[in-house]
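Right, one structure below, let's go through it.
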Amino acid sequence: MIQKVDHIGIAVHSIEKSLSFYTEVLKLRLIRIEEVKTQHVKVAFLDGGETKLELLEPTSSESAISKFIGKYGQGIHHIALSVHSIEDRIRELQEKGITMIDSQPRKGASNTDIAFIHPKSSDNVLFEICEKKGMEHGEEGYV
1 MIQKVDHIGI
11 AVHSIEKSLS
21 FYTEVLKLRL
31 IRIEEVKTQH
41 VKVAFLDGGE
51 TKLELLEPTS
61 SESAISKFIG
71 KYGQGIHHIA
81 LSVHSIEDRI
91 RELQEKGITM
101 IDSQPRKGAS
111 NTDIAFIHPK
121 SSDNVLFEIC
131 EKKGMEHGEE
141 GYV
């Protein structure tokens, strides 16, 4: 069902202010920065080897990331798991009694199909399942 841990999402007030820690101190390579307007978030992808790090900066007070930071502060927001056929995975999870935040996939960064599992079904951990289409693993820019 799960291919791998794809990325770890980290909520930050400002990518610009946080990025130097990741690139200069931890020596992670910045892959790219993009904005996901539908999610009201700016995203920076960092190459952490098999697992990417995703810095998430809210671009609006309506953003789920803004609300998260307001409640919990900066820090780990979610763990993303790569899957084949996200629609099938959502259906299988629901059949097992798992509550989904997203009953249908939506578009995330890098044109990836994503859906979140409600934390009440996963011991208070927010999990994202994601299906990447159009890129092969290992390609430059793949996140």
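Following the working numbering, the numbering of the sequence shown begins with 1 at its first residue and continues without gaps.
We put the beta carbon where it would ideally sit given N, CA and C, even for glycine.
Per DSSP, K17 has no beta-bridge partner at all. Taking one beta carbon from each stretch, the segment 50-60 and the segment 3-14 have 3 or more pairs nearer than 8 Å; the two touch.
For S82, the enclosing beta strand (DSSP E) stretches over residues G75 to V83. Per DSSP, E87 lies in no beta strand (DSSP E); the unbroken alpha helix (DSSP H) holding it starts and ends at I86 to E95. Nearest in C-alpha terms to H118, of all of F127, Q74 and S63, is F127. Sequence-distant partners of V125 (beyond 5 residues in either direction) whose C-beta falls short of 7 Å from its own C-beta, in its chain, are I79 and P119.
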